[in-house]
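In full-length UniProt numbering, the protein residues as written are 1 to 144.
No residue lacks a Cβ here, since even glycine has one placed at the ideal position from N, Cα and C.
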């Protein structure tokens, strides 16, 4: 027969184990045709975080990308637009095409001048492919 102390010790051990399993970020999605930077697995590797775009594409992003000002600005815009989710995923206010573009720029290591120009674009537009195409069709000229 197991003593009460040993039973309590085993229960605490299982509680710690269950708590560690809950700390993993997971949000299963159905079949999507994701790009190489997107992931459909529900468990995220250590050192990464998950964000979703407005068109429900899932991106697994390295934590090192949080040092990039463009990613931080997107997260700030997400907080303003959608609030801080307590039980759901973080949704960025951009589509998957724009997010793929941002990730490719970060991987290439673009200059700070280009990042600043991109920040102005992100802050002034809805950062979607549709708004980019609309801007191409109806360009506005700044008159001083």
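- When secondary structure is reduced to three states using DSSP, residue 90 falls in the strand class.
- The beta carbon of residue 16 sits closer than 6 Å to no other beta carbon from its chain once the five residues preceding and following it are set aside.
- Under the DSSP assignment, residue 44 falls outside any alpha helix (DSSP H); it carries neither an H nor an E label.
- Residue 117 counts as exposed, since fewer than 16 other beta carbons sit within 10 angstroms of its beta carbon.
- Note on geometry: alpha-carbon atoms of residue 103 and residue 4 lie some 54 Å from one another.
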